[in-house]
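Chains as they are written, first to last, in UniProt numbering: chain A, 1 to 390; chain B, 1 to 370.
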Ligand SMILES: Cc1cc2nc3c(=O)[nH]c(=O)nc-3n(C[C@H](O)[C@H](O)[C@H](O)COP(=O)(O)OP(=O)(O)OC[C@H]3O[C@@H](n4cnc5c(N)ncnc54)[C@H](O)[C@@H]3O)c2cc1C
């Protein structure tokens with residue numbers, strides 16, 4: 001069974017992909033949408049999904065074989081069922097009508113940004129104020145989002161809106177897939193401490209979204225949002241937000257390379273720190289492997305919730321040790337190693353703040369996994385219109 | 001690869017847990033640690049009758065033919081009960097050394113006796129540095145065609161109840177392993193008061209003790225056996241950590257202050273969440289390392305060192321924070337927290353320090369990524 005899949009994907013790739021020039025066989029240049037469409041139609045973009053929805057109904061080893069075959073040939077398009085949050089969420093929660101209309105399109109390219117956070121609603125996500133009001137077949141949206149990564153490039157956004165202010169905050173929320181390229185959507189980049197500006201402010205003024213673009217049910221967006229945010233945290237727990245990402249684990253560990261290059265691998269105290277850093281990374285990988293086994297056996301695993309928190313310690317720790325290896329040279333950004341170390345030190349906060357801060361993750365672990373009593377949430381039960389703001 | 005199915009493994013673990021619930025529960029443990037020997041030989045015999053003392057021994061020597069996977073799983077249970085006795089020395093390390101011996105007829109009779117419960121082995125692996133990875137202080141020399149041991153071995157667990165001891169000795173700069181009978185009058189054993197009341201440690205002095213060398217057991221066999229011991233101990237530490245963590249989380253739910261369960265205070269919640277990460281990481285790596293050894297994987301040594309320092313350190317942190325999370329109640333000897341904490345402390349120095357293990361791990365990683 002498994003060998004068939006492996007052989008099939010390798011044959012398919014070898015007859016469609018030119019790995020030397022990294023483009024479609026027979027084409028002059030790489031055309032993303034054309035290539036992704038081919039991958040999607042062959043079922044390799046989301047092999048774990050059902051055949052009805054562009055998948056192959058595969059799991060475990062077969063899926064890994066497919067991903068490996070793509071990676072080996074530097075062919076893009078694999079793992080959309082693991083990393084394309086918009087597509088994953090619609091696959092899991094969308095109506096058949098919505099899936100029929102958008103799923104194929106999303107898989108074939110468009111970026112989907114996350115329109116969740118607002119100036120007044122960060123950790124307390126259920127405090128969002130962006131309003132969506134029904135108008136014919138559509139909803140009309142007004143409000144402001146912030147920290148929206150990739151909003152400029154995005155064709156769609158997953159949008160959390162307030163649709164009822166007379167009920168408590170978790171109850172009056174509706175979740176949409178929202179077309180970004182329309183009048184009434186203004187995107188302003190924000191400069192980040194990493195020197196990048198991938199996240200943005202998004203101002204939404206009388207923009208429209210069709211009613212059929214609701215993900216899940218009207219006024220039950222909080223439930224749908226839980227599914228989307230869980231997928232996001234899972235991805236972060238696998239470490240894909242960092243440059244020295246554990247995903248490319250065949251590469252020699254970055255710290256080892258850096259210490260060797262700078263001749264500091266012989267120092268006892270540094271060796272301790274490097275070993276512990278490598279250990280944390282390897283332990284997180286082992287936890288995630290165990291989670292996958294758990295899921296196979298019991299359908300779920302509480303271990304999944306630990307990855308993102310672990311990844312914060314890993315990324316902040318590795319950045320700190322990189323700087324230590326470089327010593328005062330880290331102050332001089334003419335050198336690439338110094339630039340990288342400083343970039344990584346700033347970037348680590350993406351993991352420990354974005355997608356729910358480490359503190360929020362700890363609350364979740366303590367309350368949902370360990371069953372400790374929920375902390376007071378003083379406005380949990382009052383109508384949203386009476387909630388106090390900063 | 002383990003020959004046991006998952007069901008078989010779960011079944012022996014369940015019977016072992018029942019045995020310990022009955023014979024090694026907390027009141028029994030508290031009685032036992034007050035005795036000089038700190039060891040329950042009757043319980044040991046019951047374990048032998050269940051096939052546990054021979055868990056790593058092949059069926060042809062009347063053993064149960066298990067692998068490190070079974071050992072790890074059983075020790076998770078033992079660790080939860082703070083089981084006292086030389087299980088790792090006598091049933092994991094000694095059998096591994098005996099198995100590596102070229103004279104299988106000689107080794108076979110000892111393996112059989114271990115499995116039957118009629119013979120208990122201690123293992124003397126280090127000098128006063130406590131590091132099993134260094135050349136021991138005991139020196140072996142040949143006199144009139146016999147091997148003679150002189151010098152001292154330190155931190156020997158449960159030498160006070162052992163019938164035999166396997167002694168690592170310096171043979172002209174190399175490690176050799178020797179068997180002695182504990183009743184030999186040329187051995188002086190000093191039983192110490194251990195900081196961990198669930199442990200018994202002795203110093204052994206050898207004054208020209210005649211010994212039998214385990215033929216063919218060289219440095220590699222020695223470190224192979226040590227790695228098995230490290231992973232077995234990692235499993236025991238996981239079990240201890242799981243137990244004291246569970247006790248602590250339960251307490252956070254029932255103890256009330258300021259009109260609410262203390263588990264609703266965020267500073268405690270966050271400590272608990274961090275400890276869960278440490279606990280699950282220890283669990284994952286102990287099991288993974290055991291599987292790697294059982295399957296003879298290339299990375300078995302790397303994973304074993306990783307498991308060893310992770311489980312030792314995480315057990316210590318969990319047991320230490322457990323006391324803080326409980327408050328005053330855990331400062332009393334009646335509460336079990338300090339017993340786990342002391343066991344976790346003593347595990348920090350078993351075989352070698354966490355720092356040394358981290359260094360060995362990094363050396364393996366360097367080899368793997370040259
Ligand atoms: C790189 C990056 C990319 C991002 N991308 C996106 C995106 O694409 N889309 C999007 O919608 N959002 C995005 N975010 C926003 C992110 O989700 C929020 O920043 C995060 O949820 C925290 O909200 P906040 O910044 O308002 O901080 P606040 O909620 O104001 O938190 C401030 C401090 O208070 C603590 N705190 C708050 N509540 C509690 C509590 N109950 N218990 C303990 N401590 C608490 C926090 O841990 C933090 O330390 C991104 C953020 C970053 C850094």
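We treat Cβ as the ideally placed atom computed from N, Cα and C, and that holds for glycine.
With its beta carbon at least 9 Å from every one in chain B, residue 264/A lies outside the interface.
In terms of side-chain proximity, the C-beta atom of residue 349/A is found nearer than 8 Å to a non-hydrogen atom of ligand 1. A distance of 9 Å or more separates the beta carbons of residue 144/B and residue 248/B.
For residue 363/A, the distance from the CB to the nearest heavy atom of ligand 1 is below 8 Å.
Restricting attention to alpha helix (DSSP H) runs no shorter than 4 residues, the stretch 259-318 of chain A encloses them at 268-298, ordered along the chain. By the neighbour-count definition (other C-beta atoms within 10 Å, threshold 16), residue 297/A is an exposed residue.
In this structure the stretch 372-384 of chain A does not lie against the stretch 295-304 of chain B, because fewer than three pairs of beta carbons, one per stretch, are closer than 8 Å. Using a cutoff of 8 Å, the CB of residue 175/A does not count as near ligand 1, since none of the ligand's heavy atoms is closer than that.
For residue 13/B, the distance from the CB to the nearest heavy atom of ligand 1 is not below 8 Å.
In summary, residue 134/A is exposed, with fewer than 16 beta-carbon neighbours lying within 10 Å of its beta-carbon over all protein chains present.
Residue environment analysis places residue 237/B among the buried positions, since at least 16 neighbouring C-beta atoms fall within 10 angstroms of its C-beta. Between the stretch 110-129 of chain A and the stretch 78-98 of chain A, the count of Cβ pairs shorter than 8 Å is three or higher; the stretches touch.
Distances taken from the Cβ of residue 149/A to the heavy atoms of ligand 1 include one shorter than 8 Å. DSSP places residue 368/A outside any beta strand (DSSP E), giving it a letter other than H or E. Residue state for residue 343/A is assigned as helix, using DSSP reduced to three classes.
Residues are counted here when their Cβ sits less than 7 Å from a Cβ of chain B; for the stretch 274-286 of chain A these are 274, 275, 276, 278, 279, 282, 283 and 286, given in chain order. For residue 351/A, the number of other beta carbons within 10 angstroms of its own is at least 16, and it is reported as buried. Distance from the CA of residue 282/B to the CA of residue 331/A, rounded to the nearest whole angstrom, comes to 37 Å. Here residue 335/B carries a coil assignment [DSSP, helix/strand/coil]. For residue 134/A, no alpha helix (DSSP H) encloses it; the enclosing beta strand (DSSP E) starts and ends at 131-135. For residue 12/B, the uninterrupted alpha helix (DSSP H) segment begins and ends at 6-23. Within 9 Å of the CB of residue 363/A, the CB atoms of chain B belong to 266, 269, 270 and 273, in sequence order along the chain. In the DSSP annotation of this structure, the continuous segment of the beta strand (DSSP E) that includes residue 204/A starts and ends at 199-210. DSSP places residue 75/B in the uninterrupted alpha helix (DSSP H) bounded by 68-80. Residues of chain A whose Cβ lies closer than 7 Å to the Cβ of residue 252/B are, in chain order, 372. Taking every protein chain shown into account, the CB of residue 24/B has 16 or more other CB atoms within 10 angstroms, so this residue is buried. Distance from the CA of residue 99/B to the CA of residue 88/B, rounded to the nearest whole angstrom, comes to 15 Å. A Cβ-Cβ distance of about 5 Å is found for the pair residue 69/A and residue 9/A, placing them in contact under the 8 Å criterion. One thing to note: residue 151/A has its Cβ no nearer than 9 Å to the Cβ of residue 219/A. In the DSSP annotation of this structure, the continuous segment of the beta strand (DSSP E) that includes residue 158/A starts and ends at 156-162. Listed along chain A is no residue with a C-beta nearer than 7 Å to that of residue 14/B; the closest approach is about 17 Å. As summarised for the stretch 333-368 of chain B, the continuous alpha helix (DSSP H) elements at least 4 residues long and confined to that stretch are 337-347 and 354-368, given in chain order. Segment contact: the stretch 214-231 of chain B against the stretch 95-109 of chain B, three or more CB-CB distances shorter than 8 Å; contact assigned.
Excluding its 5 nearest sequence neighbours in each direction, residue 93/B has C-beta neighbours in its own chain below 6 Å: 123, 225 and 229, listed in chain order. Residue-level contact check: residue 4/B does not touch chain A, since none of the beta carbons of chain A fall below 9 Å from its beta carbon.
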